[in-house]
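In the numbering used here, the protein residues as written are 9 to 507.
Ideal Cβ positions, reconstructed from N, Cα and C, are used throughout, including at glycine.
This is the structure we're talking about:
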């Protein structure tokens, strides 16, 4: 009887811990579908929108590892509960943010809370399940919830926006957190921290500062009224900080990220796949959500439903790819995943979404499944290439690669889209520096203050410019991803030769 109670308690604890993880992963994608709504409501510029989306994964990339170390020092239950409080409060701030700048700040706070929760969840799962078979099942459930949470984000966002204002995509976190907090107080056992563990927060600040400076420079360089000198100086500072971070890690006896792992070609190939796949998914989802609503006039719910083939295929790809990797081999599976992702993006770029919805749905499903396959292959390559004593360091590098890939993917798609949009937007009386010529979102904001004839002309010009930009951006991404797939083939070939 006591044994049954112990087993039941472990699985109930798993439910409580994974429930804390769910809002963090949903928040990574739910906002994509809300971009048109909040752009109009806040009067946000294209650059502000990119920062609203981007600040979350950028900060997560720099904070996941040091917050995991801090959790080791203070105890993972304590760390997770603090993270839940931070995440809940930040969700309220985000929901009622009066300006784009305030929303960016709230998203940064969400990233802080999320970076406390994510490593704590994984550590608590490992601590709770000491039996290897039970732990494998628990980690499998954790993986499925993570994939499903990110997948259903756009659909949840669409349902909420069909009935409520844009802030509801953040406020939905609060009831869940109010349920999860007492569950974790009652069910998750407290564990003592290890004060002897060194906390590398200084290293994290250098990494975050370098990333923010570099991304800021890239985003500001495409604005019509921006200073190119300032952008170049900021870019140089950012790159300098990133190089300094790399040197610091290579010289440190206990680095935050062990960059020596890059010497292993399998790990390098895995990180490249993680970076490319997560970036492609995040960037493309953002662009697609805007095109469906701005250009084709779909409601947020209709857009969320339209994207279902993409997100469902991505969610189910993990188990299927996991079964295939032992049959076809890691190298073939990896390259097929990336090449199929590139080919499907090329197909989407050449397909008329409005007149060929079935073909588009098939292409979206292929893309989602291919990206999910590449992510699974990346994890196999990274963890398979690391020795047992380096597994923790490899896992940290993998988590950082996922978040950084998503952040830079959004930057790549967003900046290229904005730059091409500006080139194609053409309407007499509108200078290149006017808001309507900067982004389709800003064009929709100013239309409300115009007459019907002039407003209709602006909308038509903006839609045409965005459609042209969408084709070129997605087509460019298709070529790049396919090329990187071939690079992975070569890198994994080196690994086979080494073994």
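Taken atom to atom, the span from the alpha-carbon of residue 450 to that of residue 442 is near 9 Å. In this structure the stretch 416 to 423 touches the stretch 288 to 299; the number of beta carbon pairs closer than 8 Å is three or more.
Your pair residue 276 and residue 73 does not check out as a contact, with CB atoms roughly 19 Å apart and the cut at 8 Å.
Annotation: residue 76 to residue 128 spans about 7 Å, alpha carbon to alpha carbon. Around the CB of residue 190, fewer than 16 other CB atoms lie within 10 Å, so the residue is classed as exposed. Relative to residue 318, the option among 57, 161 and 81 whose CA is nearest is 161.
Residue 65 and residue 290 have their C-alpha atoms roughly 10 Å apart. Taking residue 339 as the centre and dropping the five residues before and after it, the same chain places the C-beta of 500 closer than 6 Å to its C-beta, in chain order. Rounded to the nearest whole angstrom, the C-alpha separation of residue 38 and residue 30 is 12 Å. Rounded to whole angstroms, the Cβ separation of residue 238 and residue 149 is 48 Å, and the two are not in contact under 8 Å.
Distances from the alpha-carbon of residue 103 to those of 353, 244 and 114 put 114 closest.
A buried status is given to residue 52, since no fewer than 16 other beta-carbon atoms sit within 10 Å of its beta-carbon.
In this model, residue 192 and residue 390 are separated by some 32 Å (Cα to Cα). In this structure, residue 345 and residue 382 form a Cβ contact; the two beta carbons are roughly 4 Å apart against a cut-off of 8 Å. Excluding residues up to 5 positions away in sequence, 114 and 117 lie with their Cβ nearer than 7 Å to the Cβ of residue 101 in the same chain. In the DSSP assignment, residue 35 falls outside any alpha helix (DSSP H) and carries neither an H nor an E.
In this structure, DSSP gives residue 105 a state outside helix and strand, which the three-state scheme calls coil. Annotated three-state conformation of residue 362 is coil, per DSSP. DSSP, read as helix, strand or coil, puts residue 342 in helix.
Relative to residue 374, the option among 411, 325 and 91 whose CA is nearest is 325. Counting only residues of its own chain and dropping the five nearest sequence neighbours on each side, residue 492 has a CB closer than 7 Å to the CB of 280, 284 and 346.
Contact check for residue 341 against residue 489 fails: the beta carbons are separated by 8 Å or more. Here residue 182 is not near residue 312, since their CB atoms are 8 Å or more apart.
By the CB criterion at 8 Å, residue 257 and residue 267 fall inside the cutoff. In this structure, residue 41 keeps its C-beta atom at 8 Å or more from the C-beta atom of residue 108.
For residue 62, the secondary structure class from DSSP, reduced to helix, strand or coil, is helix.
In this structure residue 428 is in contact with residue 480, their Cβ atoms being roughly 5 Å apart against a cut-off of 8 Å. Counting along the chain, the unbroken alpha helix (DSSP H) around residue 181 starts and ends at 181 to 195. The C-alpha of residue 452 lies about 8 Å from the C-alpha of residue 444.
By the C-beta density criterion, residue 85 is buried, having at least 16 other C-beta atoms within 10 angstroms. Residue 463 and residue 308 have their C-alpha atoms some 22 Å from each other. Cβ contact annotation for residue 87 (same chain, cutoff 6 Å, sequence separation greater than five): 79, 124 and 128, in chain order.
Proximity to residue 255 across 379, 25, 222 and 215 peaks at 215, based on C-alpha coordinates. When the alpha-carbon of residue 35 is set against those of 132, 163, 89 and 131, the nearest one is in 163. Only exposed fits residue 434, as fewer than 16 other CB atoms lie within 10 angstroms of its CB. Nearest in C-alpha terms to residue 28, of all of 146, 184, 18 and 45, is 184.
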